[in-house]
Each structure stands twice: as C-alpha cells, then as structure tokens.
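Taking it in order: structure first as structure tokens, then the write-up.
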Amino acid sequence: MPARRVTSNVKRNHRSLRVAEKEDRLAKEELIEFGGVVSEALPDNRYRVLLENGVEIWAYASGKMQKHRIRILAGDRVTLEMSPYDLTKGRINFRHKS
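To convert, note that position 44 of the sequence shown is 44 in full-length UniProt numbering; the numbers rise steadily by one, no gaps.
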C-alpha cells in the first residue's frame, strides 16, 4: 500500500492568515462625502457636478445605480463620495428626490 499523502492544512491555514494580515495593512482610505447638483449629463454615465462649496468636478454613477438603472438628469441633487487623494473626481451614490 503506497504511503498516504498528507495534505498540508497547516500551509493552507498559514496562507489564509497571511491574506488576512495583508487586508488589515491595506485598509481602504476613508472616502469624503459631499452633496451637489448635477450641472451636465455627459456620455458613458459621467456627469459634471457642482458641489455645495462651489467646486465643479467630474463624477460617475456607482455600480448599484447603473445596475438598477437610476436615471440622473441635469438639476438633480446628489450625494457623492470622493477619495482624499483626488478631489477632482467622484462617484455618485445617491440621487435625492426632488
């Protein structure tokens, strides 16, 4: 009878432990939320948004908004989130009812 090969559960557990440690180190940065008004609807689910502080930025509709086909038109009030590293682009994650 051939020797039975032992699967290395220790290796698998060690690998998953390393992945968990890496996720802890590379945590996502906090996103900044802003409110604004869509000033122009552009092609490809992109929009020009005028923020409450007077700055105009480019934004795109989030994946869930695209999935549920939520229409965003010029003049709509929206909430968007932006990365602290690039304050010229954002992601629209909520359209307020008029």
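Where a beta carbon is used, it is the ideal one built from N, C-alpha and C, also for glycine. This one's a predicted model, so the numbers in the text were calculated from it and none came from an experiment.
Report the residue ranges of all alpha helix (DSSP H) runs contained in full by the UniProt domain "S1-like" (22-97); include only those spanning at least 4 residues, in chain order.
63-67
Decide if L80 is buried, meaning its Cβ has at least 16 other Cβ atoms within 10 Å, or exposed.
Counting from 1 along the sequence shown, the entry for residue 80 is found at position 80. Counting Cβ neighbours within 10 Å, L80 comes out buried, since at least 16 surround it.
Drop a sphere of 10 angstroms on the beta-carbon of V55, count the other beta-carbons inside from all chains shown, and report buried for 16 or more, exposed for fewer.
The residue labelled residue 55 in the question sits at position 55 within the sequence shown. Result: exposed.
With distances taken from CA atoms, which of N93, R91, S83 and T88 is nearest L31?
One-based indexing of the sequence shown puts residue 31 at position 31. The candidate whose alpha carbon is nearest that of L31 is S83.
Using the Cα positions of G90 and D76, report the straight-line distance between them to the nearest angstrom.
Within the sequence shown, the letter at position 90 stands for residue 90. Within the sequence shown, the letter at position 76 stands for residue 76. When rounded, the distance between both Cα atoms is 16 Å.
Measuring CA to CA, which of E40, A59, P43 and V37 is closest to T88?
Start at 1 with the first residue of the sequence shown, and residue 88 comes out as number 88. Ranking the options by Cα distance to T88, first place goes to A59.
Check this for me: beta carbons of I72 and V49, under 7 Å apart or not?
For the purposes of this step, residue 72 is taken as the residue at position 72 of the sequence shown. For the purposes of this step, residue 49 is taken as the residue at position 49 of the sequence shown. Cβ distance not < 7 Å, so I72 and V49 don't count as in contact.
Return the residue from the list L42, E29, A41 and G35 that minimises the CA-CA distance to L51.
Residue mapping note: residue 51 aligns to position 51 of the sequence shown, counting from 1. Checking every option, the nearest Cα to that of L51 belongs to G35.
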